Ligand SMILES: [Zn+2]
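In this note's numbering, the protein residues as written are 220 to 439.
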């Protein structure tokens, strides 16, 4: 796109806050300062799961739910910066004792359709802030399963089994696994299991938001 055309476009259609629709600057990464101030990521809050624990700065409700929806379904890719910042802040005093950051993969079909892995974008930004290496293709989704969000808890665990495999040497590594939302934990637990079976030392995980049991009708 030529420069004149793109500046004309930004005058006609200035970027707007994904939450309150106020006009913002490009450097605001999709949220106005007020909406950023209104979000209060909780520090150092971990969900305990078998073989891993999962850091979650938000519960999946209210404005954060709206922001994640805009990111996933309305192409507001720039919001990844805020998600990565919030996750980074949520580690608070915890040291970043990791060798590698990886993300929950998408299937090749979905990846082709969408062009990029949205969780991967967040994971890469977070890894950079932490000064930890990031691997985009460490975990691979080998087959396309049914989407998780319409399934019951036990169906989710069944549906996700054997879907992922590990594509590189993770021996003795301390890994941070990133996903966007955690609901039952089925996806994170399955990825963790694969990583541990491949010889890594331990796996922690981190997401943007946790869906509380009473809110569980929707997606993972
Ligand atoms: Zn706003």
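Even for Gly, the Cβ is constructed at its ideal location relative to N, Cα and C. The model shown is predicted, which means the values in this text are computed figures rather than measured ones.
Check, Outcome
"Cβ pair residue 430, residue 402 closer than 8 Å", "yes"
"Residue 335 classed as buried or exposed, judged by whether at least 16 other C-beta atoms fall within 10 angstroms", "exposed"
"Any non-hydrogen atom of ligand 1 closer than 7 Å to residue 215 Cβ", "What the structure shows of the chain is the stretch from 220 to 439, and residue 215 is not part of that stretch, so it cannot be assessed."
"Below 7 Å from a heavy atom of ligand 1 - residues by beta-carbon", "236, 238, 239, 241, 250, 251, 253 and 254"
"Residue closest to residue 317, alpha-carbon to alpha-carbon, out of 305, 287 and 348", "348"
"Alpha-carbon to alpha-carbon, residue 354 and residue 319", "7 Å"
"Cβ distance (whole Å) where residue 285 is taken to contact residue 345 below 8 Å", "The Cβ separation is near 21 Å, so there is no contact."
"Status (buried if at least 16 other CB within 10 Å, exposed otherwise) for residue 224", "exposed"
"Completely contained beta strand (DSSP E) runs for the region 367-427, where each covers 3 or more residues", "383-385, 393-397 and 421-425"
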